[in-house]
Amino acid sequence: MKPTQRLIATLAGLAPLLLASGCVPQDHGWASVYKPAQSMKIRVLMPAEAPSISQQFLFTTNDAKHIGIDVIGKAGDPVIAAADGHVTGSFSEPAYGNRVEITHGPDANGKRSVTVYKHLQQRLVNTGDGVVRGQQVGLLGTTGMLGGGHPHLHFELFRGAGAVGKTPSDPHLYWANGIGQVTCFDPARIYDNTVFTITYPVRCRGI
Ligand SMILES: [Zn+2]
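When the letters of the sequence shown are read in order and numbered with my numbering, they come out as residues 296 to 502.
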């Protein structure tokens with residue numbers, strides 16, 4: 296291949312990603328920075344194998360909100376449960392498309408948590424189903440008006456003491472490896488379920 300051909304091939308490979316996400320430089324091992332308006336910014340450590348994060352959590356007292364993280368991928372990639380739990384929502388609506396909601400806990404502190412998976416191409420679980428950490432619950436997609444046209448998972452986490460957690464929380468606070476340490480799901484690992492922790496909601500490369 297001539298250098299010009301190689302350049303064109305490289306650009307062709309990058310173009311869909313750059314167009315779709317604005318400034319995501321690579322498809323794995325990268326995380327965007329927090330917007331200035333977010334007061335609690337967490338130092339995020341991304342494993343090289345983890346699909347990149349194109350947008351971080353943003354929760355302010357004004358209208359500037361993105362109460363989850365966006366994980367990029369290809370349409371049809373498996374979306375997996377971030378922790379053991381049971382499905383408390385599996386439906387489609389116009390804004391966020393296909394979504395799955397999973398309730399976890401209560402943990403040792405009596406708190407329940409909810410994780411939400413949006414813009415799914417397809418849902419693979421139904422309300423009432425029990426799920427285990429790492430179980431496939433849907434396919435990554437672009438559904439919903441806010442799906443942005445580029446395949447990504449919008450992943451939310453809510454914490455609360457009541458029957459169902461309702462406080463939006465930054466997912467980076469709850470990784471199994473510690474705050475800010477994005478944790479790939481490893482089927483060979485035994486997770487401590489007495490404390491609520493999550494693993495990455497999509498599969499990491501090579502695992
Ligand atoms: Zn999002």
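Glycine included, each C-beta is placed from N, C-alpha and C at the ideal position.
Beta strand (DSSP E) segment containing residue i, residue limits
i      : result
Arg394 : Gly392 to His399
Lys413 : Arg407 to Leu415
Val432 : Gln431 to Leu434
Asp365 : Ile364 to Ile367
Ile448 : Just to set this straight, residue 448 is Leu in the shown sequence, not Ile. Counting along the chain, the beta strand (DSSP E) containing Leu448 begins and ends at His447 to Gly455.
Reference residue i; option with closest CA among the options
i      : options                           : result
Thr383 : Met341, Arg500, Gly475 and Ser408 : Ser408
Gly433 : Pro401, Gln351, Pro496 and Val490 : Pro496
Ala332 : Phe453, Asn357 and Leu448         : Asn357
Pro463 : Gln476, Asn404 and Glu451         : Glu451
Ile364 : Tyr329, Glu396, Asn393 and Gly380 : Tyr329
Pro401 : Arg428, Val490 and Ala359         : Val490
Lys369 : Ile474, His323 and Val420         : His323
Gly392 : Gly475, Pro342 and Thr437         : Thr437
C-alpha distance - residue i paired with residue j, whole-angstrom precision
i      : j      : result
Thr422 : Ser385 : 6 Å
Thr494 : Arg338 : 17 Å
Asp487 : Asp481 : 13 Å
Ile362 : Gly455 : 15 Å
Asn472 : Pro373 : 22 Å
Gly371 : Tyr412 : 14 Å
Gln417 : Ile397 : 16 Å
Cys479 : Cys499 : 6 Å
Buried versus exposed, by CB contacts within 10 Å (16 or more), residue i
i      : result
Ser349 : buried
Gly380 : buried
Pro389 : exposed
Gly308 : Its pLDDT being 47, under 50, Gly308 is placed unreliably by the model, and the measurement read from it follows with that caveat. Gly308 should be labelled exposed.
Gly501 : exposed
Val427 : exposed
Leu441 : exposed
Same chain, Cβ closer than 7 Å to residue i, neighbours up to 5 away in sequence not counted
i      : result
Ser316 : Note that Ser316 scores 47 on pLDDT, short of 50, meaning its location in the model is unreliable; the coordinates nonetheless yield the value given after this. For Ser316, where only same-chain residues beyond five positions count, the Cβ hits under 7 Å are Ser349, Ile367 and His445.
Tyr469 : Leu452, Phe491, Thr492 and Ile493
Gly343 : Inspection of the sequence shows that residue 343 is occupied by Ala rather than by Gly. The answer, listed in chain order, is His323 and Gly324.
Cutoff 8 Å; reference residue i; Cβ partners in own chain excluding five residues on either side
i      : result
Leu353 : Tyr329, Lys330, Ala332, Gln333, Ala359, Lys360, His361 and Ile362
Contacts around residue i, its chain only, beta-carbon distance under 6 Å, and the 5 residues preceding and following it disregarded
i      : result
Met335 : none
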